[in-house]
Amino acid sequence: MANNKKNEQFILASHGSLATGMKSAIKMICGEDERIEPYDLDNYESPLHIYKLLENLIIKNTDTNYCIITDILGGSVQNALLHLAVFDNVIIVTGMNLGLVLSMLLDSGDYTLMEKAERAIAASIPAIQIFSKKRILKELEEYEKEDGI
22 MANNKKNEQF ILASHGSLAT GMKSAIKMIC GEDERIEPYD LDNYESPLHI YKLLENLIIK
82 NTDTNYCIIT DILGGSVQNA LLHLAVFDNV IIVTGMNLGL VLSMLLDSGD YTLMEKAERA
142 IAASIPAIQI FSKKRILKEL EEYEKEDGI
């Protein structure tokens, strides 16, 4: 799957309306991107219905490389769409979040979709953090010691 942005399609698939909300957030930050298509389970009978629609799309567009990004590992949407990975031009990424999707869309390097996904996942992991009063006060204390404040 060589990198060619015109031949890339990002399918966002989720429970509820998360995929459409994700596309909306991306549009707010980056503007319209015709490579993104949301599939919200709210709008379909079942995950199998989404699967069949995407399978037909992939079969008709063999020159397009698809990255299907699902919301949660082991969820019904991801489980149904996972079977699309049998196509050479499809990869499935799970754990959809805004940072992950933006990293993939904005990666301007000459990378395949698989490489973009790997890079985006690696960049997303450190961005997942827990903050609490105790942690913030400890980090502030360490910062003040380092700066001699």
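According to our numbering, the stretch in the sequence shown is residues 22 to 170, in order.
Note that beta-carbon positions come from the ideal geometry of N, C-alpha and C, so glycine has one too.
As the structure is a computational prediction, the values presented were derived from the model and not from experiment.
- Between aspartate 63 and serine 38, the beta carbon gap of about 5 Å places them in contact (Cβ cut-off 8 Å).
- Under the 10 Å beta carbon count, proline 68 is surrounded by 16 or more other beta carbons and is classified as buried.
- Under the 10 Å beta carbon count, methionine 43 is surrounded by 16 or more other beta carbons and is classified as buried.
- Note on proline 147: under 16 other CB atoms within 10 angstroms of its CB, so exposed under the neighbour-count rule.
- Distance from valine 111 to tyrosine 132 at the Cβ level is roughly 17 Å; contact not present, criterion being Cβ atoms closer than 8 Å.
- With respect to the 8 Å criterion, threonine 85 and asparagine 28 are classified as neighbours on the basis of their beta carbons.
- When beta bridges are read from the DSSP output, glutamine 150 appears opposite no residue.
- The three-state secondary structure of asparagine 64, taken from DSSP, is helix.
- Under the rule that a run must span 4 or more residues, the alpha helix (DSSP H) segments found entirely inside the region 27 to 111 read 39 to 51, 68 to 81, 97 to 102.
- Leaving aside the five residues that flank alanine 101 on each side, the residues in its chain whose CB is nearer than 6 Å to its CB run, in chain order, Pro68, Leu69, Tyr72.
- A distance below 8 Å separates the beta carbons of serine 145 and leucine 121.
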